[in-house]
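Below is one structure, written out as structure tokens; comments come after it.
In the numbering used here, the protein residues as written are 9 to 137.
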């Protein structure tokens, strides 16, 4: 039995299949469903868990080379929200791109983790190093 770290077996399985340069999506509650990729829905209620909760939980054992985010995130969120994401992603290059371009990357991901996050455009595509 696991005592620490990620306890969700489906999430553990997904994370263990991500290899060098593969991508993993962590998405908010409103992100579209992509039938061609595995989706693990861990949403419970509004903002529980949120994207940053998932990121902070997986970061100790997941090597992230870079992150993709929608540039609309910067236009639609306060400096405080942006700072929280920046702090959680400290040391990792972030590529901001139009949301449409961002969504075009999604079908190539190993999987998608859906959260209950209500922050606009609070979606991340993590590229493993």
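Backbone N, C-alpha and C define an ideal beta-carbon position, used for all residues, glycine too.
Close Cβ partners of residue i (< 6 Å) along its chain, the five nearest in sequence each way excluded
i           : result
residue 104 : 77 and 79
residue 60  : 96
residue 101 : 74
residue 107 : 78 and 80
residue 98  : none
Buried or exposed (CB count within 10 angstroms, at least 16 for buried), residue i
i          : result
residue 73 : exposed
residue 31 : buried
residue 87 : exposed
residue 63 : buried
Same chain, Cβ closer than 7 Å to residue i, five either side skipped, listed in chain order
i          : result
residue 15 : none
residue 84 : 128 and 129
residue 44 : 115
residue 90 : 82
residue 13 : 69
Residue i, DSSP secondary structure in three states
i           : result
residue 48  : strand
residue 37  : coil
residue 75  : strand
residue 55  : coil
residue 113 : helix
residue 122 : strand
residue 132 : strand
residue 32  : strand
residue 66  : helix
residue 98  : coil
8 Å Cβ shell around residue i - same chain, five flanking residues per side excluded
i          : result
residue 37 : 51, 54, 122, 123, 124, 125 and 126
residue 18 : 48
Residue-level contact to chain B via CB, residue i, 9 Å cutoff
i           : result
residue 106 : In the structure shown, chain B cannot be found, because there is only a single protein chain.
Within 9 Å, strictly: CB atoms of residue i and residue j
i           : j           : result
residue 132 : residue 70  : no
residue 66  : residue 120 : no
residue 26  : residue 136 : yes
residue 57  : residue 111 : no
residue 23  : residue 46  : no
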